[in-house]
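Report on the following structure.
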Amino acid sequence: MRSAWAPQLRLLAHSALSINHGGGNTIHECIHFRVPMLIYSGGQHDQHGCSARMAYHGLALLGDREHDGPDQIEARIERVLAEPSYREAVDAAHRRYRAYADDGVLARAVRDAIAAAART
């Protein structure tokens with residue numbers, strides 16, 4: 812599907828793979844919906860760094876925007892879909908995200924920071 816806009820969250824809820832630009836928000840959404848990624852970094856802001864981290868941790872395969880043609884893109888898609896390690900890595904990251912949220916780690920950190928600032 813090619814479109815100027817798509818309801819990304821609704822699509823991710825039913826997707827086996829996301830081909831994306833490697834932006835932080837998209838990566839978080841893919842992890843939330845447990846969707847492995849094929850990333851063609853857009854080269855903007857944090858995209859190269861985020862893309863590299865996802866590949867390092869096994870949640871994504873990186874594509875080459877300059878050199879990948881249809882055959883290479885198809886091969887990369889097939890690889891991510893066929894190799895269980897990508898799905899397993901995304902599932903593990905999702906579980907860590909949920910545990911982090913369920914344990915209230917961020918809320919505690921904010922409360923502690925506010926309390927520390929109030930003491931100074």
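According to my numbering, the sequence shown holds residues 812 to 931 in order. The beta carbon of each residue, even a glycine, is placed where N, CA and C say it ideally should be.
Asked	Found
First and last residue of the uninterrupted alpha helix (DSSP H) at residue 896	895-913
Residues bridged to residue 829 (per DSSP)	848
Beta bridge counterpart(s) of residue 886 as assigned by DSSP	DSSP output for residue 886 lists no bridge partner at all.
Nearest-angstrom Cβ-Cβ length linking residue 873 and residue 862, presumed shorter than 8 Å	6 Å
Buried versus exposed call for residue 925 [16 or more other C-beta atoms within 10 Å across all chains shown]	exposed
Member of 849, 868, 836, 856 whose CA lies at the smallest distance from the CA of residue 900	868
Reduced DSSP category for residue 873 - H, G, I as helix; E, B as strand; rest coil	strand
Segment limits, alpha helix (DSSP H) that includes residue 923	916-930
Under the three-state DSSP convention, the category residue 859 falls into	helix
Which listed residue (880, 903, 931) has its alpha carbon closest to that of residue 865	903
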